[in-house]
Structures are given as C-alpha cells and as structure tokens.
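Report on one structure; see the data block that follows.
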Amino acid sequence: MKGLTAKEEEIMGLFWEKGPLFVKEMLAFYEEPKPHFNTLSTIVRGLEDKGFLAHFIFGNTYQYYAIVSEEEFRKRTLRNVVSKYFNNSYLSAVSSLVKEENISLEELKQLIAEVEQANRKK
8 MKGLTAKEEE IMGLFWEKGP LFVKEMLAFY EEPKPHFNTL STIVRGLEDK GFLAHFIFGN
68 TYQYYAIVSE EEFRKRTLRN VVSKYFNNSY LSAVSSLVKE ENISLEELKQ LIAEVEQANR
128 KK
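Taking our numbering, the leading residue of the sequence shown gets 8, the next gets one more, and so forth.
Quick look at the structure:
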C-alpha cells in the first residue's frame with residue numbers, strides 16, 4: 008500500500024469519520040477558504056487509484072467510500088515506520104520512545120501487562 012500525503016490523510020479522515028461521501032458534500036466540512044471542487048476531486052480519484060477508496064455510481068456522479076479502515080492504515084503505517092527507522096525491531100522503537108521520554112514508566116508497565124494478557128488469551 009502506498010503512503011499518503013498530509014492532505015490525503017486529512018481527506019481519508021473525513022471518509023473514516025463520516026462514511027461514504029460525494030465530493031460536493033466534502034466541501035461542507037471545510038472552513039473558508041474552501042478548497043476548489045476540482046482539487047478535492049483530483050485528490051479523491053488519486054486515493055481511489057492508490058486503493059484507499061472505491062465508489063458507487065449515482066447517475067453521472069460518484070459517491071466514494073473507504074475500502075481501507077483507519078485501523079488497517081494505522082497498523083501498516085506503524086509497521087512501515089518500524090521497518091524503515093528501527094530495522095524491523097519493535098523493541099528498538101519502544102526503547103526510543105522510552106529514551107526520548109515520550110512514554111512513561113507507568114505506560115510501559117501498562118503495555119507489558121496488555122501484551123502478557125494478550126499472550127494468555129492465545
């Protein structure tokens with residue numbers, strides 16, 4: 008799965024939050040200055056080409072919907088980051104978070120407890 012630009016992620020967020028949308032409907036979710044219809048349409052078609060969206064046909068217009076869930080996107084993005092920056096080591100990724108103090112000792116203990124619980128269920 009290809010990565011997304013910040014604008015593409017923003018637009019996918021609308022689909023994940025609101026469900027199926029026509030491009031014209033998307034304009035209502037933007038404050039002034041609103042993006043141009045053609046700009047949104049181009050980005051949405053690009054998301055469809057990348058495999059994130061599909062569409063239903065209604066007359067001469069399309070209603071788009073997400074075919075990649077937010078959870079699936081989040082997991083793939085995390086895997087890509089761990090692969091690219093941490094040599095496929097989740098331990099290195101967590102270690103980095105601890106060293107940078109982005110995760111507290113209490114949060115780390117909670118994570119360990121969750122992993123242990125998940126392993127017991129298997």
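By construction, the Cβ of each residue, glycine as well, lies at the ideal position given by its N, Cα and C atoms.
Given a threshold of 16 other Cβ atoms within 10 Å of its Cβ, counted over all protein chains shown, does residue i qualify as buried or as exposed?
i      : result
ALA73  : buried
ILE119 : exposed
LEU54  : buried
ILE18  : buried
TYR71  : buried
LEU28  : buried
VAL75  : buried
LEU47  : buried
VAL122 : exposed
PHE22  : buried
Suppose you measure from the CA of residue i to the CA of residue j; what does that come to, to the nearest Å?
i      : j      : result
GLY26  : PHE59  : 13 Å
LYS41  : TYR97  : 40 Å
SER102 : LEU34  : 42 Å
LYS106 : ALA13  : 27 Å
GLN117 : PHE63  : 43 Å
TYR92  : GLY10  : 15 Å
LYS82  : ILE110 : 19 Å
Relative to the alpha-carbon of residue i, which residue among the options has its alpha-carbon at the smallest distance?
i     : options                     : result
VAL2  : SER76, LEU104, ILE50        : The structure shown has nothing for residue 2, since the chain only spans 8 to 129.
THR68 : ASP56, ASN95, GLU32, TYR37  : GLU32
GLU78 : GLY20, GLU15, LYS9          : GLY20
PHE65 : GLU38, TYR37, VAL30, ASN109 : VAL30
ARG52 : GLU15, GLU38, LEU112, SER99 : GLU15
Helix, strand or coil for residue i? Go by DSSP, reduced to three states.
i      : result
LEU11  : coil
ASN126 : helix
SER103 : helix
ILE110 : coil
Does the ligand ADP have even one heavy atom less than 7 Å from the beta-carbon of residue i?
i     : result
ASN67 : Of ligands this structure carries none, so the ligand ADP is not represented either.
Length at least 3, wholly inside the region 57-96: the beta strand (DSSP E) runs in chain order
60-65, 68-73
Could you tell me which whole beta strand (DSSP E) segments of length 3 or greater appear in the region 15-50?
none
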